[in-house]
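First to last, the sequence lines map onto chains A and B. If you count the first sequence from 1, position 104 lands on 104 in our numbering, and the numbers rise without skipping. Add 1000 to a position in the second sequence, counting from 1, and you land on the number used in our numbering.
Number of protein chains: 2
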Amino acid sequence: MSILIVGSTALDSIKTPKAENPRLLGGSASYASVAASFFTPVNMVGVVGDDFPKKYVELYRRHQIDLEGLQIVPGKTFHWSGEYEVNMNNRRTLATELGVFETFNPVLPKSYQRSPYVLLANIAPALQLHVLDQMKKPRFVVADTMDLWLNIALKDLLRLLKRVDGLVLNDSEARQLTQEDNVVVAAQKIHKLGPAYVIVKKGEHGAILSSPKGTFICPAYPLKKVVDPTGAGDSFVGAMMGCLAGGTGSFESRLRQAMIFGSVTASFCCEGFGLTRLATVTDKEIDRRAKELVAMTSW
Amino acid sequence: MSILIVGSTALDSIKTPKAENPRLLGGSASYASVAASFFTPVNMVGVVGDDFPKKYVELYRRHQIDLEGLQIVPGKTFHWSGEYEVNMNNRRTLATELGVFETFNPVLPKSYQRSPYVLLANIAPALQLHVLDQMKKPRFVVADTMDLWLNIALKDLLRLLKRVDGLVLNDSEARQLTQEDNVVVAAQKIHKLGPAYVIVKKGEHGAILSSPKGTFICPAYPLKKVVDPTGAGDSFVGAMMGCLAGGTGSFESRLRQAMIFGSVTASFCCEGFGLTRLATVTDKEIDRRAKELVAMTSW
Chain A
1 MSILIVGSTA LDSIKTPKAE NPRLLGGSAS YASVAASFFT PVNMVGVVGD DFPKKYVELY
61 RRHQIDLEGL QIVPGKTFHW SGEYEVNMNN RRTLATELGV FETFNPVLPK SYQRSPYVLL
121 ANIAPALQLH VLDQMKKPRF VVADTMDLWL NIALKDLLRL LKRVDGLVLN DSEARQLTQE
181 DNVVVAAQKI HKLGPAYVIV KKGEHGAILS SPKGTFICPA YPLKKVVDPT GAGDSFVGAM
241 MGCLAGGTGS FESRLRQAMI FGSVTASFCC EGFGLTRLAT VTDKEIDRRA KELVAMTSW
Chain B
1001 MSILIVGSTA LDSIKTPKAE NPRLLGGSAS YASVAASFFT PVNMVGVVGD DFPKKYVELY
1061 RRHQIDLEGL QIVPGKTFHW SGEYEVNMNN RRTLATELGV FETFNPVLPK SYQRSPYVLL
1121 ANIAPALQLH VLDQMKKPRF VVADTMDLWL NIALKDLLRL LKRVDGLVLN DSEARQLTQE
1181 DNVVVAAQKI HKLGPAYVIV KKGEHGAILS SPKGTFICPA YPLKKVVDPT GAGDSFVGAM
1241 MGCLAGGTGS FESRLRQAMI FGSVTASFCC EGFGLTRLAT VTDKEIDRRA KELVAMTSW
């Protein structure tokens, strides 16, 4: 089944202690859509400027991402630049130039409005709400978010939470949102804000799902080397939603399996700058790593 | 099969943001032995002073811990006091009074010398080596350690590592020992120092085993409330070794299962001050929580 993904489409300049890469393809919708594309057809909604490199449009196309919803408008593409510290866990933003993203109005092509699965990747909650307003009876809607929106758009975010089935956020964001240090209790508090499904991402320590059927502890694939973690969270949730949309079986077991594939897909993302590694990964490589991860958790 | 556990036996005064508990039973051997006792007969070696409360000797006895190796000598029992910060992850030592522990010479009763499974719980590596010198052909020897020994007794520790089958340490210690940030690579470097089995503990994020058969990702049981994490690591490795000694099947699958039970047993430890919760837990409660943990990792 097809999935709708709305989020940011950007150019990222990423600096790590070992290298510097300017103007890579980035943005939450880019990562999530490429990651989802390994599992199901993707309809993507985003905005780029007329400076957006053709090679990145080609990259979307190579992954059979439907681009009817990608607005190309006069002006500059959203540009983010950031720098990672030595341990690759902490990063700081060097510059943010919103460009055409500043006036982004996500309009859904008619053919997108009945997508059964919807991923509201990380953008302002007001835009996520605006997308939901255009949907006709989606089956399963998941929103991703970030600390920025907790700080400057909490009211919109709380309105959004009442209308989504699932929320994905990382552990520090879960703590910030609930004022609760314990992740398990934080997830329970988030359920009370709306979402029946709460997924707390813990980076290299995996993720935890809290659902009506209980708790699922999803491991991360243990990498020997992290080149660039940018977009790993977006890739995780993109692959997860893609896998869920494409899967069969009971919903809970599909969701758990989807999280495993999300985890594996995110691990590839970390192995290259921006989308460079993820964009070249094969279905076989994903399957092999998923099998490895299962072996690493079996006894 | 029986297991030999050597380590510290102490009185701990523990302060958390919510409470203060003086002179609780503590020490690596105490935690590890009580944890192991749920799975197999334990022979314990340690030293206490003549101030050691009889109720704690009774506690050992209630867990069928053989005390032929527990030296009771004139003087004061090792006393540690520490304080936890609000998030319960960071603690600082307020005072350490070594007492009779200062001159501890672990002498193994003859009946202990042929124990097939040996846990060298956290004490000075020189003492761990001295215990090994007295053993007759042990089948599987695991050492635990801590940052203190990396700082002040690295040479002894490196000698020890050449003679043990397994090393258990936490993630920050693994980084310190290997000067390597990545846990997977750090484990590989530790193999080169001797141990074929390396277990890196990650607290609330579980533990990772690196063995000749591959990697095993062991989840932690997600607790809603941590009362006091003191001794959780000792309980983990104690229960793991006890379960391993008592288990059947291939070594690798027994070890993985043993880690799961170690994880579950450690979770009970965190639910009370010192050993108070662990000392009252039942086999049924451990089994139930192990089944829950398995359900939380299945899909």
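We put the beta carbon where it would ideally sit given N, CA and C, even for glycine.
* To do: Kindly indicate which residue of B:Asn1182, B:Tyr1197 and B:Thr1178 has the alpha-carbon position closest to the one of Lys1189 (chain B).
  => Looking at the Cα atoms, B:Thr1178 is the closest of the given residues.
* Can you find a CB in chain A that lies within less than 8 Å of the CB of Met1240 (chain B)? -> Nearest CB-CB separation between Met1240 (chain B) and chain A: not below the 8 Å threshold.
* Using three-state DSSP, classify Ser1002 (chain B) as helix, strand or coil. => In this structure, Ser1002 (chain B) counts as coil in the three-state DSSP scheme.
* Asked: Roughly how many angstroms lie between the CA atoms of Phe52 (chain A) and Lys76 (chain A), to the nearest whole one?
  -> Linking Phe52 (chain A) to Lys76 (chain A) through their CA atoms gives a straight-line distance of about 8 Å.
* How is the beta strand (DSSP E) around Met44 (chain A) delimited, first residue to last? -> For Met44 (chain A), the uninterrupted beta strand (DSSP E) segment begins and ends at Val42 to Gly49.
* Asked: Of the choices A:Thr280, A:Gly7 and A:Ala295, whose alpha-carbon is the least far from that of Ala126 (chain A)?
  -> The shortest C-alpha separation from Ala126 (chain A) is found at A:Gly7.
* To do: Would you check if the distance between the CB atom of Asp1156 (chain B) and the CB atom of Phe1140 (chain B) is smaller than 8 Å?
  => Inclusion of Asp1156 (chain B) and Phe1140 (chain B) in the CB contact set at 8 Å is not warranted, their separation being larger than that value.
* Asked: What number of angstroms, rounded off, separates the C-alpha of Glu285 (chain A) from the C-alpha of Leu278 (chain A)?
  -> Rounded to the nearest whole angstrom, the C-alpha separation of Glu285 (chain A) and Leu278 (chain A) is 11 Å.
* Anyone know if the C-beta pair for Ala1010 (chain B) and Phe1104 (chain B) falls short of 8 Å? -> No, the pair does not count as a contact, with Cβ atoms beyond the cut-off.
* To do: Could you name each continuous alpha helix (DSSP H) segment of 4 residues or more that falls completely within the stretch 117-177 of chain A, going from the start of the chain to the end?
  => If we require 4 residues or more, the alpha helix (DSSP H) runs fully inside the stretch 117-177 of chain A come out as 125-134, 147-152 and 154-161.
* Asked: Which partner residues of Cys218 (chain A) appear in the DSSP bridge assignment?
  -> According to DSSP, Cys218 (chain A) bridges with A:Ala207.
* **When B:Ser1211, B:Tyr1197 and B:Val1184 are compared against Glu204 (chain A), the one with the closest alpha-carbon** => Per the Cα distances, B:Val1184.
* Asked: Does DSSP classify Gln342 (chain A) as helix, strand or coil?
  -> The question about residue 342 (chain A) has no answer here: the residues shown for chain A are numbered 1 through 299.
* First and last residue of the beta strand (DSSP E) that includes Gly1026 (chain B)? -> Element bounds for Gly1026 (chain B): Glu1020 to Gly1026.
* **Inter-stretch contact at 8 Å, needing at least 3 Cβ pairs: the stretch 1115-1126 of chain B / the stretch 1028-1040 of chain B** => They touch, by the three-pair rule.
* Classification of Glu1020 (chain B) by the beta-carbon crowding that lies within 10 angstroms, buried from 16 upward -> Burial call: exposed.
* Note down, one range per segment and in chain order, each alpha helix (DSSP H) of at least 4 residues found wholly within the stretch 1255-1294 of chain B. => Runs of the alpha helix (DSSP H) inside the stretch 1255-1294 of chain B: none found.
* Note the first and the last residue of the continuous beta strand (DSSP E) segment covering Ala1095 (chain B). => Following the DSSP letters along the chain, one finds Ala1095 (chain B) inside the beta strand (DSSP E) bounded by residues Arg1091 to Glu1097.
* To do: May I ask you to list the residues that DSSP assigns as paired with Trp80 (chain A)?
  => For Trp80 (chain A), which the question treats as bridged, DSSP gives the partners A:Asp12 and A:Thr96.
* Asked: Can you find a C-beta in chain A that's less than 8 Å from the C-beta of Thr1265 (chain B)?
  -> Contact of Thr1265 (chain B) with chain A is not assigned, every C-beta pair being separated by 8 Å or more.
* Asked: Going by DSSP, which residues form a beta bridge with Val1226 (chain B)?
  -> Partner(s): none; Val1226 (chain B) has no beta bridge.
* Own chain, CB closer than 6 Å to Glu1252 (chain B), minus 5 neighbours either side, in chain order -> So the list reads Lys1213, once near-sequence residues are dropped.
* Asked: For Lys1189 (chain B), which beta-bridge partners are listed by DSSP?
  -> DSSP lists no beta-bridge partner residue for Lys1189 (chain B).
* Limits of the unbroken alpha helix (DSSP H) element including Val237 (chain A) -> Here the alpha helix (DSSP H) through Val237 (chain A) covers Ala232 to Gly246.
* Asked: DSSP beta-bridge partners for Lys1201 (chain B)?
  -> According to DSSP, Lys1201 (chain B) shares a beta bridge with B:Asn1170 and B:Ala1207.
* Asked: If you draw a straight line from the C-alpha of Phe1236 (chain B) to the C-alpha of Gln1176 (chain B), how long is it?
  -> Rounded to whole angstroms, Phe1236 (chain B) to Gln1176 (chain B) spans 21 Å at the Cα level.
* Asked: Candidates B:Thr1230, B:Gly1206, B:Ala1266 and B:Val1226: which alpha carbon is nearest Pro219 (chain A)'s?
  -> Each of B:Thr1230, B:Gly1206, B:Ala1266 and B:Val1226 was checked against the Cα of Pro219 (chain A), and the nearest Cα belongs to B:Gly1206.
* Asked: Roughly how many angstroms separate the alpha carbons of Glu102 (chain A) and Ala186 (chain A), rounded to a whole number?
  -> For Glu102 (chain A) and Ala186 (chain A), the gap between their C-alpha atoms comes out near 32 Å.
* Starting from the C-beta of Lys1136 (chain B), find all residues in its chain whose C-beta is less than 8 Å away, skip the five residues before and the five after it, and write them out in chain order. => Result list for Lys1136 (chain B): Gln1113 and Arg1114, in chain order.
* Asked: Using the beta-carbon count (16 or more within 10 Å), is Asp133 (chain A) buried or exposed?
  -> Here Asp133 (chain A) is exposed: its Cβ has fewer than 16 other Cβ atoms, across all protein chains shown, within 10 Å.
* Can you find a C-beta in chain A that's less than 8 Å from the C-beta of Gln1257 (chain B)? -> At a cut-off of 8 Å between beta carbons, Gln1257 (chain B) contacts chain A.
* **Leu1070 (chain B), DSSP secondary structure in three states** => In the three-state reduction of the DSSP assignment, Leu1070 (chain B) falls in the strand class, which pools E and B.
* Asked: Which bits of chain A does Ser1253 (chain B) rub up against, with CB to CB less than 7 Å?
  -> Residues of chain A with a Cβ closer than 7 Å to the Cβ of Ser1253 (chain B) are, in chain order, Trp299.
* Where the alpha helix (DSSP H) through Tyr1056 (chain B) begins and ends -> Membership of Tyr1056 (chain B) in the alpha helix (DSSP H) is indicated by the continuous run Lys1054 to Arg1062.
* Asked: If Arg1289 (chain B) sits next to Tyr1221 (chain B), beta carbons under 8 Å apart, how far is it from one beta carbon to the other, in whole angstroms?
  -> Taking a contact as a CB-CB distance under 8 Å, the pair Arg1289 (chain B) and Tyr1221 (chain B) counts as one, their CB atoms being some 6 Å apart.
* **Nearest to Ser298 (chain A) (by Cα), restricted to the options B:Arg1256, B:Arg1163 and B:Glu1180** => A check of alpha carbon separations from Ser298 (chain A) across B:Arg1256, B:Arg1163 and B:Glu1180 identifies B:Arg1256 as the nearest.
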